[in-house]
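Chemist: Here it is: the structure, laid out below.
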Amino acid sequence: MALTHYLQPTAAQHRPPGVTCEAYVRGEGKHCLHYRPGGGCTLPSVGTCTEWLKVNRQHRAPREEVAPPSPAPPAKSAPAAVDLFGHPLTEAGSKKPALAPAAKPAPPIPSPGVKEQAADVLRGLTDEDIASFKALGAEVCFRSETYGEVWLVPAYTGQARKELTPEHAATLVRVLSAFPGSRV
Numbered sequence: 099m100a101l102t103h104y105l106q107p108t109a110a111q112h113r114p115p116g117v118t119c120e121a122y123v124r125g126e127g128k129h130c131l132h133y134r135p136g137g138g139c140t141l142p143s144v145g146t147c148t149e150w151l152k153v154n155r156q157h158r159a160p161r162e163e164v165a166p167p168s169p170a171p172p173a174k175s176a177p178a179a180v181d182l183f184g185h186p187l188t189e190a191g192s193k194k195p196a197l198a199p200a201a202k203p204a205p206p207i208p209s210p211g212v213k214e215q216a217a218d219v220l221r222g223l224t225d226e227d228i229a230s231f232k233a234l235g236a237e238v239c240f241r242s243e244t245y246g247e248v249w250l251v252p253a254y255t256g257q258a259r260k261e262l263t264p265e266h267a268a269t270l271v272r273v274l275s276a277f278p279g280s281r282v
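Its first residue numbered 99, the sequence shown is counted upward by one per residue in the working numbering.
Next comes the structure, spelled out in structure tokens:
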């Protein structure tokens, strides 16, 4: 039985140029002491010589040390049934009768001084206003120091610029009006 696997590997600075195998042990000539003819390696953890694979363009990624498999934890008995909140469930036969659902509260009644406004008024633009803008085919550019250029367009063009349609602009205005002090 050969004892070559007990030899200490040659330090990187003492290896021949280009040899990167961490297990390389200097032997006679250029070959490692672990080298077998045909590219084999006598080390049981390697199998095929790393340097031989590099020369023959079959370089392998460095092997990662694999931890031995840990023993499987002992099988637990069937877990106890729990409800959504993690509380143990009672026995199937001793279920409590379901409670009647609570009555839903009535929606709040608006104050007498508040009246519903039409969607067109809330939006600030009527459907006719939007249709007229689209029929013109106009594109309007707004400039701001904070936001740069924003284009109001009849339909999105896909150009590399910030664009808004009148519908989306009106929606933004309405949302901002619902939250005083809010900004885009």
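All residues carry an ideal CB built from backbone N, CA and C; glycine is no exception.
1. Would THR118 be called buried (16 or more neighbouring beta carbons within 10 Å of its own) or exposed?
2. By the three-class DSSP mapping on this structure, what secondary structure does ARG272 have?
3. Since CYS130 sits in a beta bridge, which residues does DSSP pair it with?
4. According to DSSP, is THR148 part of a helix, a strand, or is it coil?
5. Are the CB atoms of PHE240 and VAL251 within a distance shorter than 8 Å?
6. So what's LYS202 in DSSP terms, helix, strand or just coil?
7. Tell me which same chain residues have a C-beta within less than 6 Å of the C-beta of ARG124, skipping the five on either side of it?
8. Please list, in chain order, all residues of the same chain as VAL238 whose beta carbon is under 6 Å from its beta carbon, the five residues on each side excluded.
9. Any Cβ of chain D within less than 8 Å of the Cβ of PHE231?
10. Among ASN154, ARG155, HIS129 and TYR122, whose alpha-carbon lies nearest the alpha-carbon of VAL144?
11. Comparing alpha-carbon positions, which option in SER242, HIS112 and ARG155 lies nearest GLU120?
12. Under the rule that 16 or more other beta-carbon atoms within 10 Å means buried, what is TYR245, buried or exposed?
13. Of all the options GLU265, ALA204, ALA258 and ARG259, which has the alpha carbon lying nearest to the alpha carbon of GLU226?
14. Three-state secondary structure (DSSP) at LEU141?
15. Which residues mark the beginning and the end of the beta strand (DSSP E) in which PHE240 is found?
Modeler: With the structure as the only source:
1. exposed
2. The three-state reading of DSSP puts ARG272 in helix, counting H, G and I together.
3. Beta-bridge annotation (DSSP): CYS130 is paired with ARG124.
4. helix
5. Taking 8 Å as the Cβ cut-off, VAL251 and PHE240 do not qualify as a contacting pair.
6. For LYS202, the secondary structure class from DSSP, reduced to helix, strand or coil, is coil.
7. THR108
8. LEU250
9. Absent from the structure is chain D; it holds one protein chain and no more.
10. TYR122
11. HIS112
12. Exposed.
13. GLU265
14. coil
15. 238 to 242
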